[in-house]
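Under my numbering, the very last position in the sequence shown is 712; numbers go up by exactly one each time. Note that beta-carbon positions come from the ideal geometry of N, C-alpha and C, so glycine has one too. What follows is a set of notes on a single structure, which appears directly below.
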Amino acid sequence: MNKTLPDVIADVLTYHGAVVDKTAEDCLDVVVPPEIAPLLDVPEYVRLSFSYGGTCEDTVSATFDSKFFGSLGKLFANAGKFASARFEPSLPNIEKTARLVDERFVFHNAIFRPDRVETSDISYLLVCLKYTAVSDEKHEGIVPVLINGTNLSTIPLEGAFDEVLKNLQELDSGADEEQNVENRIRGNLSLTLGSEALAKTFHAACAAGVQIVLERQQEFIKSLDRRLNRDVKRVFEYYDALKGEIDRKREQKGVEGSDGKTDSLMNKLNAIEAERKGKIQDLIAKYALNIRIEPLTAVAIETRVPLFWITIKRRLAARSFPVTYNTIVGGFDALPCESCFHPRGGYSVCDDKLHIVCGECFATCPSCGRQYCKACHKDTCPKCKRKS
Numbered sequence: 325m326n327k328t329l330p331d332v333i334a335d336v337l338t339y340h341g342a343v344v345d346k347t348a349e350d351c352l353d354v355v356v357p358p359e360i361a362p363l364l365d366v367p368e369y370v371r372l373s374f375s376y377g378g379t380c381e382d383t384v385s386a387t388f389d390s391k392f393f394g395s396l397g398k399l400f401a402n403a404g405k406f407a408s409a410r411f412e413p414s415l416p417n418i419e420k421t422a423r424l425v426d427e428r429f430v431f432h433n434a435i436f437r438p439d440r441v442e443t444s445d446i447s448y449l450l451v452c453l454k455y456t457a458v459s460d461e462k463h464e465g466i467v468p469v470l471i472n473g474t475n476l477s478t479i480p481l482e483g484a485f486d487e488v489l490k491n492l493q494e495l496d497s498g499a500d501e502e503q504n505v506e507n508r509i510r511g512n513l514s515l516t517l518g519s520e521a522l523a524k525t526f527h528a529a530c531a532a533g534v535q536i537v538l539e540r541q542q543e544f545i546k547s548l549d550r551r552l553n554r555d556v557k558r559v560f561e562y563y564d565a566l567k568g569e570i571d572r573k574r575e576q577k578g579v580e581g582s583d584g585k586t587d588s589l590m591n592k593l594n595a596i597e598a599e600r601k602g603k604i605q606d607l608i609a610k611y612a613l614n615i616r617i618e619p620l621t622a623v624a625i626e627t628r629v630p631l632f633w634i635t636i637k638r639r640l641a642a643r644s645f646p647v648t649y650n651t652i653v654g655g656f657d658a659l660p661c662e663s664c665f666h667p668r669g670g671y672s673v674c675d676d677k678l679h680i681v682c683g684e685c686f687a688t689c690p691s692c693g694r695q696y697c698k699a700c701h702k703d704t705c706p707k708c709k710r711k712s
């Protein structure tokens, strides 16, 4: 069962000896043990509020971006940030599964042939990402993402997060207990995935996280667009009315430039237009959406999977690529998009480096009509240099 932020914080504080009572909407009354009150920088009796509207009086904010929420990490030192685990799978029938590869993977502009099948130990990285989406309102939450360390395929785990965690077996790091916990677990992750692969995997998780958050916030984004269009329309109507009044005065004064008063009216028109443009820019800034992604925890998961090697062919070039049957969630890992890592709109293969990219990242330039790979050219069309 998914828990709310107040429930989670209540569990954390209770675990550390606090007495917690939910006495009002979006608030907790807490008696904090004297040994941890200085760590949290709160008095021994405190009321925590989880509402941005401030429904409780004399409270300490405990929302995701609050100082109190950040201080909770002190209760765990470095524990819980990094971990290593093992998942013991039940392997599918390899021959039957191999026959599904041709049906499961399709490219719009390339072909592939199956090469070989093997059973191999690989690593996945389960990353919990905290996001904050800020505009005229603030939305925040946590997105769990499972990343295949072999091919960087990503899976949002919002519906199956608890089930995956339940089936993991924690690994003994085997390091000196006096060694720093965070460094020890970081070492295990690097050994499991390799330091370069680990950096790429975190990058893929954060890139996918941004796209997942954008999808999750679609209604919020539509609301922003509606309110922006509404307010821009009002600004145009207001300044058009002012300009109309000036135009009527100009007509009364006769031919433009016949006297100084007409020049003064023209200056007012120019000032009104400049002010209108400034108001519209202020509205665009007000309703702009800024998304921040921050990794909270990571679990390196070792497991055994069927590994299917395929050869992808595009024109005269070819590339070997691994696809996997994910024994953790029970199904094939989707092909990755090597640009956004959260594929949408089918798959294509680029000519230059045979990157696998989704329809969103193999788009046509609206300026020159050139179709290009955003994994090769992330921000600029290689033909006309138009920024995407």
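Residue interval of the alpha helix (DSSP H) (run including residue i)
| i | result |
| --- | --- |
| G465 | Run containing G465: none in the alpha helix (DSSP H); it sits in the beta strand (DSSP E), 462-472. |
| D426 | 425-428 |
| A422 | 418-422 |
Supposed contact pair residue j and residue i - C-beta distance, whole angstroms, cut 8 Å
| i | j | result |
| --- | --- | --- |
| I360 | T648 | That belief does not hold up - the Cβ atoms of I360 and T648 are roughly 44 Å apart, past 8 Å. |
| S477 | P660 | 5 Å |
| Y611 | R554 | Contact flag wrong, Cβ pair sits at about 10 Å. |
| K698 | V681 | 7 Å |
| P357 | H340 | 7 Å |
| F645 | N472 | Not confirmed; about 12 Å, so no contact. |
| V469 | A386 | Rounded, the Cβ-Cβ distance is 25 Å, inconsistent with contact. |
| R638 | D675 | 7 Å |
| H432 | Y671 | 7 Å |
| L620 | V559 | Contact flag wrong, Cβ pair sits at about 41 Å. |
| C700 | C685 | Rounded, the Cβ-Cβ distance is 10 Å, inconsistent with contact. |
| I536 | H666 | 6 Å |
| K711 | D703 | 6 Å |
| D353 | D345 | 5 Å |
| V384 | F392 | 6 Å |
Helix, strand or coil at residue i [DSSP, three-state]
| i | result |
| --- | --- |
| V366 | coil |
| P646 | strand |
| Q541 | coil |
| I333 | helix |
| D353 | strand |
| N614 | strand |
| C674 | coil |
| I596 | helix |
| K405 | coil |
| C682 | strand |
| L328 | The question names Leu, but residue 328 is Thr in the sequence shown. Coil. |
| I536 | helix |
| D703 | coil |
| I360 | coil |
| E506 | With a pLDDT of only 43 at E506, under 50, the local geometry of the prediction cannot be trusted, and the value read off the model is given with reservation. Looking at E506 - three-state DSSP - the assignment turns out to be helix. |
| A484 | coil |
| K398 | helix |
| E626 | strand |
| L640 | coil |
| F634 | According to the sequence displayed, residue 634 carries Ile and not Phe. Looking at I634 - three-state DSSP - the assignment turns out to be strand. |
| V653 | coil |
| E662 | coil |
Unbroken beta strand (DSSP E) run spanning residue i, endpoints
| i | result |
| --- | --- |
| S444 | 435-458 |
| T383 | Per DSSP, T383 belongs to no beta strand (DSSP E) and is neither H nor E. |
Residue i to residue j span [Cα, whole Å]
| i | j | result |
| --- | --- | --- |
| K398 | L363 | 7 Å |
| V467 | V629 | 25 Å |
| F632 | S395 | 46 Å |
| V623 | A529 | 12 Å |
| G693 | C705 | 10 Å |
| C351 | L372 | 5 Å |
| V370 | I333 | 13 Å |
| A484 | I652 | 10 Å |
| L589 | R600 | 16 Å |
| E662 | T328 | 34 Å |
| L449 | K707 | 37 Å |
| D426 | S414 | 23 Å |
| F429 | D657 | 10 Å |
| E368 | P480 | 39 Å |
| C452 | S691 | 38 Å |
| R574 | G602 | 25 Å |
| E419 | I636 | 21 Å |
| K592 | I570 | 8 Å |
| N417 | F400 | 43 Å |
| F544 | P330 | 23 Å |
| K557 | A598 | 16 Å |
| L538 | T627 | 31 Å |
| V355 | E618 | 30 Å |
| V441 | A422 | 8 Å |
| Y696 | A342 | 57 Å |
* Touching or not, the stretch 422-439 and the stretch 519-536, by the rule of three or more beta carbon pairs under 8 Å? -> The count of Cβ pairs closer than 8 Å, one atom from the stretch 422-439 and one from the stretch 519-536, stays below three, leaving the stretches out of contact.
* To do: Determine contact between the stretch 409-419 and the stretch 486-495, defined as no fewer than three beta-carbon pairs at a distance below 8 Å.
  => By the criterion of at least three beta-carbon pairs nearer than 8 Å, the stretch 409-419 is in contact with the stretch 486-495.
* Asked: How about the stretch 446-460 and the stretch 614-621: do they share at least three Cβ pairs that are nearer than 8 Å?
  -> For the pair of segments examined, the stretch 446-460 was found to touch the stretch 614-621: the number of CB pairs separated by less than 8 Å reaches three.
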